[in-house]
């Protein structure tokens with residue numbers, strides 16, 4: 042019953058909110074935000090001010106976009122967004138990430154809960170995607186997660202350290218590395234490059250609380266907060282066998298630079314001194330020991346002038362076994378495309394790391410207009426799900442759903458893919474030389490297409506490419522081939 | 042918050058709907074439905090008209106049943122149905138199926154989502170049941186499913202073809218065959234009999250979207266719609282390396298006969314020419330190769346004059362292993378019954394394929410009146426769940442729940458059972474020769490029944506049958522033995 | 042839509058309920074309750090009267106506590122409870138158990154559904170905790186459960202019998218025994234001690250209906266009700282091949298003493314005559330045969346003057362394998378504490394069996410105030426979850442969450458722990474000699490704590506104890522160390 046009351050309250054509060062919304066004044070907010078920044082520690086004031094201004098600009102843009110601040114339009118726009126979510130719950134642009142860490146030296150952003158997006162994504166409810174960016178010569182503070190992790194190094198050179206009860210292991214990280222981070226393992230990362238940012242794409246499989254995960258910082262202070270600060274004075278004193286409250290207070294007060302801090306070159310060097318260089322292909326140079334395996338050094342599974350696909354699964358990297366996940370990297374040549382295909386069991390969570398393009402997917406689960414009249418004529422059974430792809434966008438392609446990806450002219454499109462539920466998965470290609478439909482016999486073709494066999498065969502056999510092929514000439518189109 | 046608003050809207054719209062409901066006019070609907078049929082392709086006009094009339098009759102029947110069109114009664118009837126669902130969420134009659142395919146040559150019907158029925162069925166939320174009926178000499182168009190499937194051939198003779206990237210495999214199907222259809226595998230079926238219908242019972246375990254599955258038709262047209270039609274002109278052209286839009290348009294326009302089409306005898310023969318005849322008991326003649334295994338040719342697990350039970354599990358058919366399911370066929374002699382028993386871990390989804398009868402089950406989870414006063418006197422702890430059984434009915438018997446099934450006089454009752462969560466399952470029989478309670482010692486009997494031991498033993502030992510026994514004399518009773 | 046209407050109704054009915062609440066009159070209720078008792082069977086009248094009075098006292102206490110019966114305060118108190126639940130969904134006091142069985146000779150209480158408590162506990166949604174207490178020389182009637190069970194004997198000496206189709210097995214039970222009870226297995230228990238109560242802590246993993254489980258009593262009568270009573274006269278007659286309705290009626294009428302009944306000494310002896318004495322450490326004297334393994338006889342995993350920890354997992358007791366659970370017993374010396382630690386994958390469900398104390402846990406999932414301003418200064422990221430511990434209290438500690446437990450002065454604190462999701466679990470200790478943070482190098486310490494290395498090392502190295510250490514001087518504190 043508490044739930045029902047809650048709902049009523051929610052409804053009412055929403056009404057008030059909507060009414061009061063128009064009163065917001067960006068200028069005044071900016072003013073206040075700046076004032077608050079003055080009370081921050083020295084190292085953060087600058088970033089705080091920047092952040093205030095960024096928000097101000099965002100608000101202004103939104104106001105413009107929504108059309109001269111009129112109530113109606115704003116609500117219309119929100120309704121549109123809602124509607125877009127409902128129609129396409131598989132595509133996530135950059136705004137769908139929330140900042141969890143932001144310092145002057147980097148940030149962590151986490152993609153929203155898949156299930157909040159749509160019930161259709163319940164199959165991957167336990168997975169979360171996040172991005173880390175750390176500036177040159179920085180240190181990401183030690184933390185453990187209540188989730189199993191797979192990290193992909195998209196760019197840069199770093200180190201990663203796993204802290205155990207008996208010892209610790211440090212591995213070098215470089216572009217293309219895939220590394221498994223076990224739930225509960227305390228881990229810290231450095232960017233050891235002098236100039237380049239370190240960018241990591243992370244997939245988490247939640248462990249303690251389905252769909253949620255958090256970083257637990259122990260050796261830290263006020264920011265990031267150490268979880269030791271949650272204990273009481275007396276238990277903390279007993280735990281450390283130290284009854285001088287001030288000493289302990291001091292210990293967990295000093296760190297206030299946030300979870301990503303600047304490190305001096307000597308510090309970075311010292312931390313990486315005993316680093317194993319992983320990055321080879323297993324079992325040489327990585328993998329078995331817990332170190333990374335490099336995706337870029339795998340022999341491509343498919344490759345031609347229009348693109349290539351590399352992949353690491355439990356065979357290449359036994360540490361992926363218990364997760365039942367594979368990691369793949371598709372590099373689609375500018376102007377090329379990944380031809381229509383589907384996975385038999387795996388759901389693909391694809392994160393764009395470079396380039397531009399778009400995807401199209403056929404989905405029978407979204408939209409309901411067709412279902413009603415089904416069996417009585419031509420029906421709109423498959424909805425076209427489609428969207429632009431830019432770096433940081435995420436696309437979910439569920440098992441069984443035919444999809445294709447097109448790279449824009451001018452620049453290769455690179456996509457790192459986490460294939461969830463990978464065991465016994467099979468990829469089926471629908472056009473080109475390895476199309477399954479080419480194996481149909483004449484009668485089957487005639488009956489299926491209700492068309493002359495030769496005509497069908499001519500179409501099915503025209504494309505000689507496998508997996509990757511030449512893309513369409515123009516840009517993305519707004520409509521289905523068959524309206 | 043969006044959810045709360047949605048809910049408010051739902052509430053309001055429901056109010057309006059309820060008010061407006063009485064205005065529906067069946068005659069006018071019939072008229073309009075017929076008009077719309079005239080715009081259908083030639084091959085469908087006839088069926089469309091029939092369908093219009095069927096709906097009209099249904100509406101009239103409902104109006105009659107609900108009592109001369111009065112508002113109050115209709116609502117009463119709906120409330121009753123709702124109440125019946127709540128009281129017995131384990132029994133599904135024919136109306137609980139929704140038509141997904143309907144052509145002049147056959148149909149596919151899917152049982153509603155178990156969880157929509159009741160939260161008590163959440164344990165089988167990922168499973169769906171469907172039925173296929175195809176007329177003599179017909180072809181069911183190629184499709185893949187985003188779900189793992191187990192098919193049981195209830196009647197008729199057909200073929201099934203699995204289409205792979207390298208080759209295809211065709212198997213003959215006959216009554217009693219069980220065949221595993223892997224998620225993502227493109228599959229098509231023929232009815233190769235000249236006279237008899239082909240009837241298949243399907244169990245699906247959903248893969249991409251929990252509780253939902255769909256057929257994905259590739260080689261098709263307007264009806265069933267090919268999923269290729271969801272792509273845009275330009276990407277479709279690129280995929281097939283064919284920039285003549287009209288050619289592609291034509292290819293996916295012609296099929297408009299629906300997913301089950303008539304085939305000529307030569308076509309059926311040609312398709313079945315290389316068919317392996319499965320149907321043996323594994324490993325001879327089926328099973329290991331991916332072909333079917335025949336349930337009717339299994340040696341019965343239990344058998345006497347009142348009925349028999351045959352079963353296929355992962356030992357007989359290794360392809361069932363990853364699903365953790367067994368398939369069983371109970372044939373209860375007319376006037377006989379399957380004595381009370383329960384499964385220790387498996388939840389049984391039973392589909393009646395022949396005959397009439399009824400079931401009874403004891404359920405502590407439904408109904409709440411008893412719980413309140415519990416521990417302070419006699420309480421109604423177990424609700425009797427009961428229902429008539431006819432062909433096409435589905436019954437769910439959860440693990441641990443004692444249940445029995447009675448076959449009516451005059452005709453055997455045949456039930457095909459999918460046992461979900463089968464590994465380490467144990468069947469426990471409660472009466473008859475193999476009743477577990479016969480193994481109790483005197484003191485235990487005295488204490489449990491609070492009755493003289495000899496009296497109890499006389500009752501426990503009276504029935505010498507195992508598993509199947511003579512049924513009750515009269516028909517189904519409306520009430521519990523102990524009111 | 043039905044759901045929305047339901048919600049509306051709920052909201053309305055809640056309003057009415059709240060308004061009508063104050064009208065309850067404890068005295069009148071007591072009167073009526075006593076009257077109803079007079080109609081109970083003789084053996085229950087006494088207990089029934091007692092129960093009426095207990096309730097009356099409870100109501101009075103509540104009224105007092107809530108402040109002279111004023112409306113506002115009562116609602117305030119309810120709101121507080123609600124708020125407390127929201128803030129601390131991990132701690133369960135005795136009131137959170139519901140009585141399922143209550144006779145003059147014992148009771149069974151079941152802890153409420155974890156998910157009803159909070160969505161944060163969804164990871165253990167399928168688990169339920171219950172407690173059994175049986176007086177000296179009593180018999181707990183045969184029943185099977187639709188759930189897998191692990192029982193821990195907290196106190197007393199009993200026997201447990203598993204009833205199979207082929208035979209039955211009886212094992213002696215004594216304090217510290219852990220025994221696996223398979224779903225569907227009919228089981229009965231005796232307290233074979235003349236003086237001491239038998240107390241059992243049970244963990245159930247639900248099988249048929251997620252989050253729910255029930256006992257199914259077959260050999261019983263009116264109370265506990267036999268599930269045979271749910272069948273109809275005619276099917277029951279057929280099942281037992283006995284058409285004399287009265288005989289069957291009589292059989293299932295006599296038992297009305299409830300699920301826990303008094304047994305005579307000879308009966309107890311007779312039942313235990315063929316009991317195997319388990320209780321050894323596997324494989325000698327228990328375990329492999331299905332009998333119990335004794336936790337108290339295990340060599341402690343950790344032990345010092347402040348406490349010790351014993352544990353049984355699938356290696357000690359193969360019957361735990363399919364459940365992926367371990368059972369541990371922590372005995373914390375009076376005035377000692379279990380130092381801060383966390384599990385990497387396992388969620389711990391801890392039941393206090395003796396002594397008093399309290400726990401503290403750091404939790405980032407509860408509370409939302411901090412999140413908002415995150416990344417811009419010091420934030421309250423980890424909420425302190427804390428609570429008193431007394432016998433019968435239950436605490437859930439999810440994977441990854443640092444927690445500590447303190448034993449009060451004067452008496453050891455004993456906690457039995459079910460570690461769910463135990464495979465590949467790792468315990469990480471955060472302070473003391475085996476703290477993982479001691480393995481950090483100088484630069485890492487300096488960067489993490491933003492403090493001089495020596496100062497940090499001095500604190501990290503001060504406590505030489507492992508796992509258990511001296512507790513804090515005073516009692517439990519109300520506030521975080523760092524406000």
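Protein chains in written order, with my numbering: chain A, 42 to 524; chain B, 42 to 524; chain C, 42 to 524. For every residue, glycine included, the Cβ atom is placed at its ideal position computed from N, Cα and C. These numbers were taken from a predicted model, which means no experiment stands behind them.
Residue 276(C): first and last residue of the uninterrupted alpha helix (DSSP H) it sits in:
On the third chain, position 235 is the one that residue 276(C) refers to. Its alpha helix (DSSP H) spans residues 274 to 280.
Kindly indicate if chain A contains any beta-carbon less than 8 Å away from that of residue 164(C).
Taking the first residue of the third chain as 1, we reach residue 164(C) at position 123. Yes, residue 164(C) lies at the interface with chain A (some Cβ there is under 8 Å from its Cβ).
Suppose you measure from the CA of residue 277(C) to the CA of residue 155(B); what does that come to, to the nearest Å?
Here residue 277(C) refers to the residue found at position 236 of the third chain. Here residue 155(B) refers to the residue found at position 114 of the second chain. Using only the alpha carbons, I get a separation of about 29 Å.
With DSSP run on the structure shown, which of helix, strand or coil describes residue 297(A)?
Looking up residue 297(A) in the first chain gives position 256. In the three-state reduction of the DSSP assignment, residue 297(A) falls in the coil class.
Under a three-way DSSP split, which group does residue 493(C) fall into?
Within the third chain, residue 493(C) is the residue found at index 452, counting from 1. In this structure, residue 493(C) counts as coil in the three-state DSSP scheme.
Interfacial residues, the region 434 to 450 of chain C to chain A, with Cβ spacing under 8 Å
Contact residues of the region 434 to 450 of chain C toward chain A are 439, 440, 441, 442, 443, 445 and 447 (C-beta to C-beta distance below 8 Å).
Under 8 Å between C-beta atoms of residue 223(C) and residue 189(C):
Numbered from its first residue, the third chain carries residue 223(C) at position 182. Numbered from its first residue, the third chain carries residue 189(C) at position 148. Against a cut-off of 8 Å, the Cβ pair of residue 189(C) and residue 223(C) comes out as a contact.
Could you spell out the range, first to last residue, of the beta strand (DSSP E) harbouring residue 313(C)?
For the purposes of this step, residue 313(C) is taken as the residue at position 272 of the third chain. In this chain, residue 313(C) is not harboured by any beta strand (DSSP E); it is covered by the alpha helix (DSSP H) spanning 306 to 313.
Below 8 Å on the Cβ atoms is my guess for residue 172(C) versus residue 138(C); work out the distance and round it to an integer in Å.
Residue 172(C) sits at position 131 when you count from the first residue of the third chain. Residue 138(C) sits at position 97 when you count from the first residue of the third chain. With 8 Å as the limit, residue 172(C) and residue 138(C) qualify as a contact, their Cβ atoms being about 7 Å apart.
Regarding residue 253(C) and the ligand GDP, is the C-beta to nearest heavy atom distance less than 7 Å?
Absence of the ligand GDP is noted for the structure shown, with no ligands found whatsoever.
DSSP on residue 431(A), reduced to helix/strand/coil?
Numbered from its first residue, the first chain carries residue 431(A) at position 390. Reduced to three states, the DSSP call for residue 431(A) is coil.
Check whether the region 225 to 239 of chain B touches the region 183 to 198 of chain B, taking contact to mean three or more Cβ pairs, one atom from each stretch, closer than 8 Å.
Contact between the region 225 to 239 of chain B and the region 183 to 198 of chain B is present, with at least three C-beta pairs closer than 8 Å.
Count the other CB atoms, across all protein chains shown, that sit within 10 Å of the CB of residue 337(A); report buried if there are 16 or more and exposed otherwise.
Start at 1 with the first residue of the first chain, and residue 337(A) comes out as number 296. Under a 10 Å Cβ-count criterion, residue 337(A) is classified as exposed, with fewer than 16 other Cβ atoms of the shown protein chains found around its own Cβ.
Return the Cβ separation of residue 247(A) and residue 316(A) in integer angstroms, given the expectation that the two are a contact with Cβ distance under 8 Å.
To locate residue 247(A), count along the first chain from 1; it is residue 206. To locate residue 316(A), count along the first chain from 1; it is residue 275. Not really, about 29 Å apart at Cβ, beyond 8 Å.
Report yes if the C-beta distance between residue 382(A) and residue 511(A) is below 8 Å; otherwise report no.
As a first step, residue 382(A) must be located in the first chain, where it is residue number 341. As a first step, residue 511(A) must be located in the first chain, where it is residue number 470. Remark: C-beta atoms of residue 382(A) and residue 511(A) do not approach each other more closely than 8 Å.
Contacts around residue 494(B), its chain only, beta-carbon distance under 7 Å, and the 5 residues preceding and following it disregarded
Counting from 1 along the second chain, the entry for residue 494(B) is found at position 453. Closer than 7 Å at the Cβ level, and outside the excluded window around residue 494(B), lie 483, 486 and 487.
Chain B beta carbons: is any one of them nearer than 8 Å to that of residue 251(C)?
Indexing the third chain from 1 puts residue 251(C) at position 210. Yes, contact with chain B.
Give me whichever residues DSSP pairs with residue 175(B) in a beta bridge.
Position 134 of the second chain holds residue 175(B). Paired residues: 147(B) and 239(B).
Threshold first: 3 residues or longer. Then list the beta strand (DSSP E) segments lying entirely within the region 323 to 382 of chain C, N to C.
Listed in chain order, they are 343 to 345, 348 to 353 and 366 to 373.
Is there a C-beta anywhere in chain C that falls below 8 Å from the one on residue 474(A)?
Counting from one through the first chain, the residue named residue 474(A) turns up at place 433. So no, residue 474(A) is outside the interface.
Comparing alpha-carbon positions, which option in 228(C), 243(C) and 208(C) lies nearest residue 218(C)?
As a first step, residue 218(C) must be located in the third chain, where it is residue number 177. For residue 218(C), the nearest C-alpha among the options comes from 243(C).
To the nearest angstrom, how far is it from the Cα of residue 232(C) to the Cα of residue 175(C)?
Counted from its first residue, the third chain places residue 232(C) at position 191. Counted from its first residue, the third chain places residue 175(C) at position 134. A straight line joining the alpha-carbon of residue 232(C) with that of residue 175(C) spans about 7 Å.
Beta-carbon within less than 8 Å of residue 182(C)'s beta-carbon, same chain only, minus the 5 sequence neighbours each way: which residues are those?
Your numbering for residue 182(C) matches position 141 in the third chain. Cβ within range, chain order: 229, 258, 260, 261, 265, 296, 300, 301 and 302.
Does the beta-carbon distance from residue 267(C) to residue 187(C) come in below 8 Å?
Position 226 of the third chain, counting from 1, holds the residue named residue 267(C). Position 146 of the third chain, counting from 1, holds the residue named residue 187(C). In this structure, residue 267(C) lies away from residue 187(C), with their beta-carbon atoms at least 8 Å apart.
Any chain C beta carbon closer than 8 Å to residue 198(B):
Against the second chain, residue 198(B) aligns to sequence position 157. So no, residue 198(B) is outside the interface.
Under 8 Å between C-beta atoms, does residue 346(C) make it to chain A?
Counting from 1 along the third chain, the entry for residue 346(C) is found at position 305. For residue 346(C), no CB of chain A lies under 8 Å from its own CB, so it is not counted at the interface with that chain.
Quick one: does residue 510(C) have its CB under 8 Å from some CB of chain A?
As a working note, residue 510(C) is residue 469 in the third chain. Contact with chain A is found for residue 510(C), since one of that chain's Cβ atoms lies less than 8 Å from the residue's Cβ.
Please classify residue 471(B): does DSSP put it in a helix, a strand, or coil?
The residue labelled residue 471(B) in the question sits at position 430 within the second chain. Of the three classes helix, strand and coil, the one that applies to residue 471(B) here is coil, per DSSP.
Using a C-beta cutoff of 8 Å, does residue 500(C) count as contacting chain A?
One-based indexing of the third chain puts residue 500(C) at position 459. Judged by the 8 Å Cβ criterion, residue 500(C) is in contact with chain A.
Whose Cβ in chain C lies nearer than 7 Å to the Cβ of residue 477(B)?
Along the second chain, read from residue 1 onward, the residue named residue 477(B) stands at position 436. Near residue 477(B) (Cβ distances below 7 Å), the residues of chain C are 204, 205, 206 and 227.
How about residue 425(A) and residue 403(A): do their beta carbons lie closer than 8 Å?
Reading the first chain from its first residue, position 384 is the one you call residue 425(A). Reading the first chain from its first residue, position 362 is the one you call residue 403(A). Between residue 425(A) and residue 403(A), the gap from beta carbon to beta carbon is short of 8 Å.
Cβ closer than 7 Å: which chain C residues qualify as neighbours of residue 232(A)?
Indexing the first chain from 1 puts residue 232(A) at position 191. Result: empty, since nearest Cβ-Cβ is about 13 Å, beyond 7 Å.
From the DSSP output, read off the bridge partner residues of residue 438(B).
Residue mapping note: residue 438(B) aligns to position 397 of the second chain, counting from 1. BP columns for residue 438(B) point to 389(B).
With a CB to CB cut of under 6 Å and the five nearest residues on each side skipped, what residues in its chain are close to residue 370(B)?
Your numbering for residue 370(B) matches position 329 in the second chain. Its chain contains 336, 351 and 457 as the residues whose beta carbon lies nearer than 6 Å to that of residue 370(B), once the 5 sequence neighbours on both sides are disregarded; these appear in chain order.
Name, please, each residue of chain A whose Cβ falls closer than 9 Å to the Cβ of residue 497(C).
Walking along the third chain from the start, residue 497(C) turns up at place 456. Contact of residue 497(C) with chain A by beta-carbon distance below 9 Å involves 260 and 292.
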